[in-house]
Amino acid sequence: MNMSTSNVIIAQKINDKAILALSSMIHALFELEYYAIGRLVTKDGKPPLMVLLAPLIETDFECLLEVQLPFAEDTRSYRFPPLDKIVTVSGKVVKEHRNLPSDDLLETMGKYVEDMDLSEFDENGDPFQSLALEDCYSPLVHRIDQAIRWRAVHPTKPLPPVPKVLEKLSHWPEELVKKSHDSLRDLISISAVKKVPPKAKGRKRRREADKPLSGLNVDDLLRGEKRLKISPENPIPEFKQTLANTEDISAISDAVKQMSAIIEDQIRQSLGDINYDRAIEGIGTMREELIAYEEPGLYNDFIRGLKEKLLDDKLGGDRREMWWLIRKSRLGLIDQKALDISDITEEQAREFLSSRPTTV
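Numbering follows full-length UniProt numbering, in which position 354 of the sequence shown is assigned residue number 354; successive positions increment by one, without gaps.
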């Protein structure tokens with residue numbers, strides 16, 4: 001069944017005829033223990049939906065519960081490989097493999113699951129759950145509700161501490177933690193769990209190119225000297241290629257200067273806004289690449305100069321619409337939120353995107 005949003009269907013309170021008709025249908029479905037399937041079109045021009053209607057009768061309330069059903073075309077059948085064996089291309093069945101759990105791992109995992117069991121036993125030896133589903137509530141929702149009610153009555157007093165019942169639902173039960181400590185330690189050891197190192201920043205400049213098995217680099221053989229000249233006809237791919245082929249900061253700075261000149265020429269030679277989209281794409285590429293190479297200063301110097309020229313009409317007349325597109329595309333300064341080594345704060349970045357000349 002499609003896990004869609006459930007809706008409640010009731011009749012209009014002022015329409016006695018509709019109330020009687022819907023009530024008759026609800027009681028008929030309830031007495032016969034049937035569900036109804038209907039077709040629903042929510043709005044003109046929208047595709048039809050197939051829904052399941054289930055009766056619900058309370059003491060002073062009755063309705064139909066509506067849940068969307070999938071069509072045959074919505075059903076997706078996926079095949080997954082078995083978890084206990086591996087079948088090779090030749091049809092050979094492998095029972096022991098590095099991707100298959102060993103007997104020791106299965107046994108240790110079973111022990112850990114048993115130690116994490118929430119079931120307990122009463123004085124008669126009957127099992128019961130210590131954390132029943134109907135007794136578990138969202139601590140976040142109740143804490144926010146408590147804070148709102150407290151602040152409405154006490155606008156100046158500090159918030160009260162979190163109730164113990166909410167703290168209990170926010171942490172693992174201490175008994176289970178102690179009980180499962182040894183089995184969890186054994187599970188980590190047997191499954192060879194390793195800590196994943198943090199994601200490295202500035203990876204583009206420090207990464208090593210994949211070396212071919214022959215030891216010969218075809219690109220170097222065909223290219224000869226590294227290409228440092230960026231042509232106005234194909235600036236974005238050539239800008240990326242130039243950055244990828246160098247680790248020298250002076251070469252990166254030279255590529256940025258070339259790209260800056262190309263973007264300014266596109267704006268200066270634009271008839272109306274015909275070249276604005278190309279310029280925006282180039283600015284966005286520069287920003288993304290220089291964030292990846294951890295060189296925010298180069299981009300920030302460029303965008304400061306471009307803003308000054310746009311607002312002072314130094315690029316072929318009134319180009320304030322181009323500055324509006326830059327603001328709309330959020331292509332301002334690279335701040336500390338985008339790259340933590342930047343010396344520009346978020347407040348300075350917001351101020352820069354105003355139409356007024358700034359001194360950021």
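Ideal placement from N, C-alpha and C gives every residue a C-beta, glycine not left out.
Measuring C-alpha to C-alpha distances from I10 to each of I57, M50 and A292 identifies I57 as the nearest. Pairing D145 with P160, the inter-Cα distance amounts to about 12 Å. When the Cα atoms are used, K111 and Q241 turn out to be separated by approximately 54 Å.
Per the DSSP secondary-structure output, L22 pairs with nothing in a beta bridge.
Using a 10 angstroms sphere on the CB of D104, the tally of other CB atoms stays under 16, which defines it as exposed. Closest by C-alpha distance to L310, out of I263, R350, Q336 and P235, is I263.
For I334, the closest of I326, G317 and L290 by C-alpha to C-alpha distance is L290. Beyond the five residues adjoining it in sequence on each side, V87 comes within less than 7 Å, by CB distance, of V93 in the same chain, given in chain order. One alpha carbon belongs to I252, the other to V196, and they sit about 32 Å apart.
Three or more beta-carbon pairs separated by less than 8 Å link the region 287 to 307 to the region 338 to 352, which places the two stretches in contact.
For the pair R278 and Q269, the CB atoms are not nearer than the 8 Å cut-off.
DSSP, reduced to helix, strand and coil, places L56 within a strand of the structure shown. C-alpha of K194 to C-alpha of R79: approximately 30 Å in a straight line. A Cβ-Cβ distance of about 4 Å is found for the pair S180 and D115, placing them in contact under the 8 Å criterion. Put simply, the backbone Cα of S170 is about 34 Å away from that of S102. When the Cα atoms are used, D126 and Q12 turn out to be separated by approximately 49 Å. Counting only runs that start and end inside the UniProt domain "Ku C-terminal" (234 to 354), the alpha helix (DSSP H) elements of at least 4 residues fall at 235 to 244, 249 to 268, 276 to 292, 296 to 311, 320 to 328 and 346 to 352.
Between L353 and I280, the C-beta spacing is not below 8 Å.
According to the DSSP assignment, Q68 belongs to the beta strand (DSSP E) that extends over E62 to L69. Annotation: T75 to I37 spans about 18 Å, alpha carbon to alpha carbon. In the three-state scheme derived from DSSP, where H, G and I count as helix and E and B as strand, R79 is classed as coil. In this structure, S6 sits near V67, with a CB-CB distance shorter than 8 Å. In this structure, DSSP gives A152 a helical state, which the three-state scheme calls helix.
With a 10 Å radius around the Cβ and a threshold of 16 neighbouring Cβ atoms, K85 comes out exposed. Residue T108 holds the alpha-carbon nearest to the alpha-carbon of I188 among A255, E238, T108 and T59. CA-to-CA, the gap between I148 and Y35 works out to about 42 Å.
A residue is called buried when at least 16 other Cβ atoms come within 10 angstroms of its Cβ; K307 meets this threshold and is buried. Here the C-alpha atom of I26 lies approximately 42 Å from the C-alpha atom of D122. In this chain, the alpha helix (DSSP H) harbouring I190 covers E174 to I190. Look at the region 102 to 127 and you find these whole runs of beta strand (DSSP E), each 3 residues long or longer: 119 to 121. The beta carbon of P232 lies closer than 6 Å to those of I262 in the same chain, with the five residues before and after it left out. When only Cα atoms are considered, L65 and E33 end up about 14 Å apart.
Nearest neighbour of R320 by Cα position, chosen from V41, V162 and D273, turns out to be D273. The alpha-carbon separation between L331 and E351 amounts to approximately 13 Å. L106 sits exposed, since fewer than 16 C-beta atoms from the chains shown fall within 10 Å of its C-beta. A straight-line Cα-Cα distance of about 60 Å links A152 and S250.
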